[in-house]
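Numbering (UniProt numbering), first residue to last: 1 to 170.
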């Protein structure tokens, strides 16, 4: 009796499996199933360069080079994947204008603890995130600067010597 029950369940399952699959939807000509908002979203995404960069407790960014297209909006996400608090091992992302010395900027920034180590009076920064600690994330959006190479760094005191890289706009 148990065997008959199992055979019937198997046959029923196979019939359901076969009966539910393999159907093709017929689309009406001249009609689009694509959502209009998805078209708009796709257009926005084509004009947006998304960049994700991580920082850790060993004073490292996971990337030493970032490439974006000129004329696009950049959405940059900085993730601190370490375990230490931002008072001890805080990180930020600072994109400098061309010609700005990393060491001069880093030394000046070290005196601005109350402003996340970003000098109040500076004209040297294109964009920057807030200072973050363990498990935190910061997201910024900005327009890509003119084509060329720019420097980026973490301006937490002493970090700029190791935590730096090139931001290349093509």
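Positions of the beta carbon are idealized from the N, C-alpha and C atoms, including for glycine.
Buried or exposed by the 16-neighbour rule on C-beta atoms within 10 Å, applied to residue i
i, result
"residue 115", "exposed"
"residue 101", "exposed"
"residue 55", "buried"
"residue 111", "exposed"
"residue 124", "buried"
"residue 129", "buried"
"residue 90", "buried"
"residue 153", "buried"
"residue 74", "buried"
"residue 139", "exposed"
Beta-carbon contacts of residue i that lie in its chain and below 6 Å, excluding the five residues immediately before and after
i, result
"residue 41", "Here the model assigns residue 41 a pLDDT of 48, short of 50, so the residue's position is not dependable, and the following value carries that caveat. No residues qualify anywhere along the chain."
"residue 88", "none"
"residue 72", "47, 49, 144"
beta-carbon residue i near the ligand HEM non-hydrogen atom, thresh 7 Å
i, result
"residue 51", "Although the ligand HEM was asked about, the structure shown includes no ligands whatsoever."
Residue i vs residue j beta-carbon contact at 8 Å
i, j, result
"residue 93", "residue 53", "yes"
"residue 160", "residue 106", "yes"
"residue 150", "residue 131", "no"
"residue 185", "residue 66", "Here the chain comprises residues numbered 1 to 170, so residue 185 is not present and cannot be evaluated."
"residue 148", "residue 98", "yes"
Neighbourhood of residue i by C-beta, 7 Å cutoff - its chain only, sequence neighbours within 5 removed
i, result
"residue 134", "80, 82, 83, 84, 85"
"residue 109", "117, 118, 119, 155"
"residue 59", "159, 162, 163"
Contacting residues, own chain, Cβ-Cβ under 8 Å from residue i (five flanking each side not counted)
i, result
"residue 171", "Missing from the structure shown is residue 171; the chain here goes from 1 to 170 and no further."
Those runs of the beta strand (DSSP E) which lie wholly inside the UniProt domain "Blue (type 1) copper" (51-170) and span at least 3 residues:
65-68, 73-80, 94-96, 125-128, 137-143, 148-153, 164-169
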